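Asks: Below is one structure. I have some questions about it.
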Amino acid sequence: MGKKLKMTTGQAVIEFLKQQYIYVDGEEIQFVEGIFDIFGHGNVVGIGQAIEENPGNLKVIQGKNEQGMAHAATAFSKQRLRRNIYAVTTSIGPGSANLTAAAGTALANNIPVLFLPSDTFATRQPDPVLQQVEHETNQTTTTNDALKAVSRYWDRITRPEQLMSSLIRAFEIMTNPAQAGPATICISQDVQGEAYDFDESFFVKRVHYIDRPEPVEREINLMVDKIKNSKNPIILVGGGAKYSNSRDELIEISEKYNIPLVETQAGKSTVEANFKNNLGGMGITGTLAANKAAYDSDLIIGVGTRYTDFATSSKTAFNFEKTSFLNININRMQAYKMDAIQVIADAKVTLKKLLDNLGDYRTNYENNINKLKEEWINERKRLRTIQYDRDNFDPEIKNQFNQNILNEYADSLNTELIQSTVVLKINEIISPKSNVITSAGSLPGDMQRLWNATVPNTYHVEYGYSCMGYEISGALGVKLAEPENEVYSFVGDGSFLMLHSEFITSLQYKKKINLLLFDNSGYGCINNLQMENGVNSYHTEFRTSENEILNIDYAKVAEGYGAKVYKVYSLEELEEAIKDAEQQEVSTLIEIKVLPKTMTDGYESWWHVGVPEVSSSKKIQDAFDLKTEKLKKAKQY
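Position 216 of the sequence shown, counting from 1, maps to 216 under the UniProt record's numbering, and the rest follow consecutively.
Encoded structure:
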């Protein structure tokens, strides 16, 4: 037996984290960058003591809300293309429960992050301790059991020696591209301080090798034959293509064989928007060009995509009478979707195999890809010119507010700004190498359609879970990942109210982020959803009990935190504010009052939601009939 090292379980955790590395594409990288903490009952004298005593090369950041700091850790890993992580430590009870939404966000997006929530006493001697829930029939159930459904790996440590196999298993999951996601290890608070003679070998440098599995000959033959027999294929670029660094191969294939590229939210900016064959986002938040190409295509080549309902327009984006599917995915479950031909392999090496085997194949598109792109460019230009007209304003959204209500908003918020026009203006102003981030509400739709990311990996939208509150916390994570770039968080007023705790953390640690706060005084996206399906506007606007529109001074809130703030009411003021914000060293907030119903609408897309089958409302009856008709043409599996 080798040498033994006596230390507490908490100390062993920190010592282990410092020694984890990954090896990918010939480069060895330290995997754990640091640890976010909120100390409380359960971890302050356990893992907290271990960090204080010997953090080593780990960066330590004090969070303000458990969900917020976990979002920041997730965004950091996502921006680093899953090659580095932050760990997150919390107290027991409410502290660990607050991780749930963030864990779900990491899981839905296949992002590795290590959660270390504290747990109740293993000995049970003082039970029930402060913040402990009790179940009459099962004393082993704690708050942390809620994290099982939103973790790729979950374990509870009730003895120090259990830590060794548990940590090794967690890192195997997190460094496995096919299974990457959050690993949760719950450590009983008494065990964190309990000592054990750990094997010295447990703390030596450990390298996790990330290889690129290649397709087997059968898979190569199947996909080559399938593509050669197609006339109008498209390539759907998903997040897996980005994490695999497949940009160069995608461009070469697209140019060589004249195949258009369309994107999911996670795949956007894998290939820059100004590439001639990139038709932009597909689906409910997609462009007209991409959606037309998808419906006319006879073969969808999915590269690293999960085929979410927004990307597939609830499986109505395709003409299933002629369209078939070929999926290239590192994950077997994802490859099986849409009843596709499956290629279970790394995206980058698989695309290289296609380049080696497709020979002189050429699609039938000829100049049609350019025509589709030009049509969308012209539509984008038209959207840039829309202005508010007090007497005759048409925001082009079904079941829109009447003109009087729009005028009421214009008067109450003192604005005539159009949301989509503002997004386009910002795209013109900021540096192309800046990172932009958003997550929930109507902004992801405007961003996927309208935002031209001309530098790869500068578009960071969390839409696997669409978690309100990710936008600001995630901006901090992106800044930690790429500190040399400006970071702009596109956040609605609803999401700002939901969670902006880590804005304070950005100020505390001088990690400058820029918040672009779009305030339309309500949950505008959900208001659209209810009204487009025949429901009246109900509890989605921010109004007082006297039915007056709320006009909140968000700039004053941020100013109180110590940020540099701006309030803009015109495109000219917006440009001045952004240019000045670029010169600041402190985090900024630009408050932008925008009119509701001024986001972009769907382009030949449809979203399946639970429309009531029975209602006295004619509008709801019509919405249900539309749903029934759409589902007749939709794929069911």
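All C-beta atoms, glycine included, are put in the ideal place defined by N, C-alpha and C.
None of these values were measured; they are calculated from a predicted model.
1. Please list, in chain order, all residues of the same chain as G34 whose beta carbon is under 7 Å from its beta carbon, the five residues on each side excluded.
2. Does the beta-carbon distance from S617 to H71 come in below 8 Å?
3. Apply the 10 Å Cβ neighbour rule to N229 and answer buried if 16 or more other Cβ atoms are within range, or exposed otherwise.
4. Return helix, strand or coil for E416, following the three-state DSSP convention.
5. Quick one: what's got a C-beta closer than 8 Å to Q20's C-beta in the same chain, skipping five residues either side?
6. Compute the Euclidean distance between the alpha carbons of P432 and N277, then round it to the nearest angstrom.
7. Count the other CB atoms within 10 Å of the CB of S165; is the residue buried (16 or more) or exposed (fewer)?
8. For L147, count neighbouring Cβ atoms within 10 angstroms of its own Cβ and tell me buried if that reaches 16, exposed if not.
9. Could you work out which residue in E613, T9, S605 and L595 is closest to S313 when comparing CA atoms only?
10. Indicate whether the contact test is met: 3 or more Cβ pairs, each with one atom in the segment 336 to 343 and one in the segment 366 to 373, closer than 8 Å.
11. Does the beta carbon of A475 come closer than 8 Å to any beta carbon on chain B?
12. Would you identify the three-state DSSP class for S605, choosing helix, strand or coil?
13. Within 10 angstroms of its Cβ, does H539 collect 16 or more other Cβ (buried), or is it exposed?
14. Just to confirm, is the Cβ distance from R156 to N138 under 8 Å?
15. Between G477 and the rest of its own chain, which residues show a CB-CB distance below 6 Å, the 5 nearest in sequence each way excluded?
16. So for L5, helix, strand or coil by DSSP?
17. Using CA atoms only, rank isn't needed, just tell me which of N368, I14 and N319 is closest to K632.
18. In terms of residue numbering, what span does the alpha helix (DSSP H) encompassing L351 cover?
19. Taking one C-beta from the segment 585 to 593 and one from the segment 414 to 423 each time, how about it: are there three or more such pairs within less than 8 Å?
20. When you compare only the Cα positions, how much space is there between A410 and E15?
21. Check whether the segment 438 to 454 touches the segment 35 to 47, counting contact only when three or more Cβ pairs, one atom from each stretch, lie closer than 8 Å.
22. Just to confirm the assignment, what range does the beta strand (DSSP E) spanning S545 have?
23. By the three-class DSSP mapping on this structure, what secondary structure does G474 have?
24. Indicate the three-state DSSP secondary structure (helix, strand or coil) for L250 in the structure shown.
25. Residues in the same chain with beta-carbon distance under 6 Å from K619, minus the five sequence neighbours each way, listed in chain order, please.
26. Assign Y637 to one of three DSSP states: helix, strand, or coil.
27. Do you know offhand how far K627's Cα is from Q530's?
28. Less than 8 Å between the C-beta atoms of K597 and L406, yes or no?
29. How is R206 classed by DSSP in three states: helix, strand or coil?
30. Can you tell me whether I22 is buried or exposed, with buried defined as 16 or more other CB within 10 angstroms of its CB?
31. Give every residue of the same chain whose Cβ lies closer than 7 Å to the Cβ of E582, excluding the five residues on either side of it in the sequence, and list them in chain order.
32. Quick check on DSSP: helix, strand or coil for N54?
33. In terms of residues, what are the limits of the alpha helix (DSSP H) holding C467?
34. Hey, which unbroken runs of the beta strand (DSSP E) at 3 residues or more fall wholly within the segment 73 to 110?
Replies: On the basis of the coordinates in this document:
1. As a working mapping, residue 34 is identified with position 34 in the sequence shown. Excluding sequence neighbours, G34 sits near L58, K59, V60, I61 and Y86.
2. Mapped onto the sequence shown, residue 617 falls at position 617. Mapped onto the sequence shown, residue 71 falls at position 71. A distance of 8 Å or more separates the beta carbons of S617 and H71.
3. Taking the sequence shown and counting its residues from 1, the one referred to as residue 229 is at position 229. Exposed, since its Cβ has fewer than 16 Cβ neighbours within 10 Å.
4. In the sequence shown, the residue the question calls residue 416 occupies position 416. Look at E416 here: in three-state DSSP terms it is coil, with no helix or strand label.
5. The residue labelled residue 20 in the question sits at position 20 within the sequence shown. If we look at Q20 and ignore the five residues flanking it on each side, its Cβ neighbours are Q30, F31, V32, F171, R206 and H208.
6. On the sequence shown, residue 432 is found 432 positions in, with the first residue counted as 1. On the sequence shown, residue 277 is found 277 positions in, with the first residue counted as 1. Taking the CA atoms as reference points, P432 sits about 20 Å from N277.
7. Within the sequence shown, numbered from 1, the residue matching residue 165 stands at position 165. It counts as exposed.
8. Mapped onto the sequence shown, residue 147 falls at position 147. Classification of L147: buried, given that the 10 Å Cβ count is 16 or more.
9. Walking along the sequence shown from the start, residue 313 turns up at place 313. When only C-alpha atoms are compared, the closest one is S605.
10. Contact annotation: the segment 336 to 343 does not touch the segment 366 to 373, with fewer than three C-beta pairs closer than 8 Å.
11. Structure shown: chain B not included; a single protein chain is present.
12. Position 605 of the sequence shown, counted from the first residue, corresponds to residue 605. It is coil, neither helix nor strand.
13. On the sequence shown, residue 539 is found 539 positions in, with the first residue counted as 1. It is exposed - the Cβ of H539 has fewer than 16 other Cβ atoms within 10 Å.
14. As a working mapping, residue 156 is identified with position 156 in the sequence shown. As a working mapping, residue 138 is identified with position 138 in the sequence shown. No. Outside cutoff.
15. Stepping through the sequence shown from its first residue, residue 477 is reached at position 477. For G477, where only same-chain residues beyond five positions count, the Cβ hits under 6 Å are A72, A75 and F76.
16. As a working note, residue 5 is residue 5 in the sequence shown. DSSP, read as helix, strand or coil, puts L5 in strand.
17. For the purposes of this step, residue 632 is identified with residue 632 of the sequence shown, where counting begins at 1. It is N319 whose Cα lies nearest to the Cα of K632.
18. Counting from one through the sequence shown, the residue named residue 351 turns up at place 351. Membership of L351 in the alpha helix (DSSP H) is indicated by the continuous run A347 to N357.
19. Put simply, the segment 585 to 593 touches the segment 414 to 423. At least three CB pairs are less than 8 Å apart.
20. Residue mapping note: residue 410 aligns to position 410 of the sequence shown, counting from 1. Residue mapping note: residue 15 aligns to position 15 of the sequence shown, counting from 1. Taking the straight line joining both Cα atoms gives about 57 Å.
21. When C-beta atoms of the segment 438 to 454 are compared with those of the segment 35 to 47, fewer than three pairs fall below 8 Å, so the two segments do not count as touching.
22. For this step, residue 545 is matched to residue 545 along the sequence shown. According to the DSSP assignment, S545 belongs to no beta strand (DSSP E), since it is labelled neither H nor E.
23. Your numbering for residue 474 matches position 474 in the sequence shown. Helix at G474.
24. Looking up residue 250 in the sequence shown gives position 250. The answer is helix: DSSP assigns L250 an H, G or I state.
25. As a first step, residue 619 must be located in the sequence shown, where it is residue number 619. Excluding sequence neighbours, K619 sits near G534.
26. Position 637 of the sequence shown, counted from the start, is the residue given in the question as residue 637. Coil, per DSSP.
27. As a working mapping, residue 627 is identified with position 627 in the sequence shown. As a working mapping, residue 530 is identified with position 530 in the sequence shown. The straight-line gap separating the alpha-carbon atoms of K627 and Q530 is approximately 14 Å.
28. The residue you call residue 597 lines up with position 597 of the sequence shown. The residue you call residue 406 lines up with position 406 of the sequence shown. Yes, the pair counts as a contact, with Cβ atoms nearer than the cut-off.
29. Start at 1 with the first residue of the sequence shown, and residue 206 comes out as number 206. Note: R206 maps to strand in three-state DSSP.
30. Taking the first residue of the sequence shown as 1, we reach residue 22 at position 22. Buried, because 16 or more other Cβ atoms sit within 10 Å of the Cβ of I22.
31. Translated into the one-based positions of the sequence shown, residue 582 becomes position 582. Once the five neighbours on either side are set aside, the close Cβ partners of E582 are E486.
32. For the purposes of this step, residue 54 is taken as the residue at position 54 of the sequence shown. Here N54 sits in coil by DSSP.
33. Counted from its first residue, the sequence shown places residue 467 at position 467. Going by DSSP, C467 is part of no alpha helix (DSSP H) at all; its letter is neither H nor E.
34. With a minimum length of 3 residues, the continuous beta strand (DSSP E) runs that stay inside the segment 73 to 110 are 85 to 90.
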